[in-house]
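K.L.:
Here you go, one structure.
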Amino acid sequence: MVNRVDVNSVLMQMRQVKDQIRANQNNAVTAPVNPMQGIGAPRAVAETARVAMPQGDPSIPNFQTMFQNAINTVNSNQKVASDLSTRFEQGDASVDLPEVMIAMQKSSVSFQAMTQVRNKLVEAYKDVMNMPV
């Protein structure tokens with residue numbers, strides 16, 4: 087079975103984070119500000135200025151975990167292909183050429199897919215960083 091990152095769940099998780107950030111920003115904007123609070127009490131200001139980190143739905147897998155699993159899968163595919171190739175080159179009779187070629191193609195396709203995902207993440211990061219605040 088192939089472990090893939092489900093695009094819909096990633097998009098849903100990104101929307102939840104965006105909604106939580108907007109809710110936190112709206113709460114921060116509507117909260118009354120006491121101008122005297124900051125005088126002589128920097129700790130109190132720092133404690134009230136803390137923003138809670140958004141918590142996602144526990145039924146949706148963590149993006150970091152999904153991405154790490156995808157990277158580990160690509161890595162294991164590459165290791166298997168390399169091992170089969172080495173065994174075939176050394177004359178191991180239990181390894182045949184079609185098996186090696188399939189493993190090499192599987193490794194190549196999974197690496198290309200991971201590269202495309204990385205490129206899209208970098209592009210999305212740049213888009214988010216260029217957004218006006």
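Quick note, the sequence shown lines up with residues 87 to 219 if you use our numbering. Each residue gets a CB set at the ideal place from its N, CA and C atoms; glycine is no exception. Only a predicted model underlies this, so the values are computations on that prediction, with no experimental measurement involved.
#1: Can you say whether residue 183 is buried or exposed, counting buried as having 16 or more other CB atoms within 10 angstroms of its CB?
#2: How many angstroms separate the CA atom of residue 218 from the CA atom of residue 148?
#3: Do residue 166 and residue 197 come within 7 Å of each other at the CB atom, strictly closer than that value?
#4: What does the alpha-carbon distance come out to for the pair residue 106 and residue 158?
#5: Where do the ends of the alpha helix (DSSP H) carrying residue 195 lie?
#6: Would you give the residue range spanned by the alpha helix (DSSP H) that residue 143 belongs to?
#7: Since residue 154 is in the alpha helix (DSSP H), which residue starts that stretch and which ends it?
P.N.:
So, from the data block:
#1: exposed
#2: Cα-Cα distance, rounded: 27 Å.
#3: no
#4: 30 Å
#5: 183-215
#6: Here residue 143 belongs to no alpha helix (DSSP H), and DSSP marks it neither H nor E.
#7: 149-175
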